[in-house]
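First the structure, in the form of structure tokens, and then the observations on it.
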Amino acid sequence: MTSAYITIYKFFFTGVMVTKKIISHITNKTIEITGSVVKKAFQRCNRHRIIKDKDTDEAYLERYYLCLKDRTDFPFNIFIHKFLKSDPDDLHDHPWSYFTCILRGGYLEHTPSGKFWRGPFTCKCGAPNDLHRIELNPQAGECWTLFIPGKKIRKWGFMTDDGWIQHENYNKTN
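For the sequence shown, counting from 1, position 165 maps to 155 in the numbering used here; every step adds exactly one.
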């Protein structure tokens, strides 16, 4: 990872940590009202995407584009994710390096090394080939994350009992 990416990640990490106290004092009702207004604004500007579960066609993840919605050459992007469901059972990787920070709620992250609780303000840098799976914990409430992907450098997919499968093929066979 280049020093420019590390500097960008540190900048956003610092910003997230500064807002920790502010966010911790906001009531659930305020978050609900603000979230509704923000969601409508992002929808009107076409900066909101709902990613659906491949098996049930139900909403799995809400993605809010804070930077570029359609990028090809820009070296990073900035999303806010609201997780609605846990990931499929198989571990997956990503097409880019990334930085993520949990803003609210939390999840269990399954990796080849084990299962780890990731709570509010847990931050992580990941490589494209890092395998993981997100499992939501209903007792933790809604899970919102800041997600900053780098430039796309590879295909992504799932690790199955038969080995790694590109995501397009995984969605067809499972």
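The beta-carbon is built from N, C-alpha and C at its ideal position, and this holds for glycine as well.
Query	Result
Of the choices G116, L136, C113, Y97, whose alpha-carbon is the least far from that of E125?	Y97
Going along the chain, which residues of its own chain have a beta-carbon closer than 6 Å to the beta-carbon of T17, five neighbours each way excluded?	At T17 the pLDDT is 47, less than 50, meaning the model places this residue with poor confidence; the figure from the coordinates comes in the next sentence. Excluding positions up to five away in sequence, the list is empty.
How is the beta strand (DSSP E) around W154 delimited, first residue to last?	153 to 156
Looking at C-alpha atoms only, which residue of F148, C57, E132, R37 is the closest neighbour of L93?	E132
Between L56, P118, K142, K141, which lies nearest to F148 when the distance is taken from Cα to Cα?	P118
If you check the beta carbons only, do H100 and H84 fall under 8 Å apart?	no
So the beta strand (DSSP E) H38 belongs to, where does it begin and stop?	38 to 42
Using 8 Å for Cβ pairs, my map puts T90 next to L136. What's the rounded Cβ distance?	7 Å
Applying the 10 Å Cβ sphere with the 16-neighbour rule, what's the burial state of R144?	exposed
Can you list, in chain order, the residues of its chain with a C-beta nearer than 7 Å to that of S103? Leave out the 5 residues immediately preceding and following it.	none
My output table needs one value for P85: the three-state DSSP class, helix, strand or coil.	coil
Which same chain residues, not among the five before or five after G153, have their C-beta less than 8 Å away from its C-beta?	none
Roughly how far, in whole angstroms, is the beta-carbon of W134 from the beta-carbon of I68, given that I think they are within contact range, below 8 Å?	W134 to I68, Cβ: 14 Å. No contact.
For Y160 and K105, I'd like the C-alpha separation in whole angstroms.	23 Å
Measure the Cβ-Cβ separation of K42 and W86 and say whether it is below 8 Å.	no
Which term fits I138, buried or exposed, when burial requires 16 or more other beta carbons within 10 angstroms of its beta carbon?	buried
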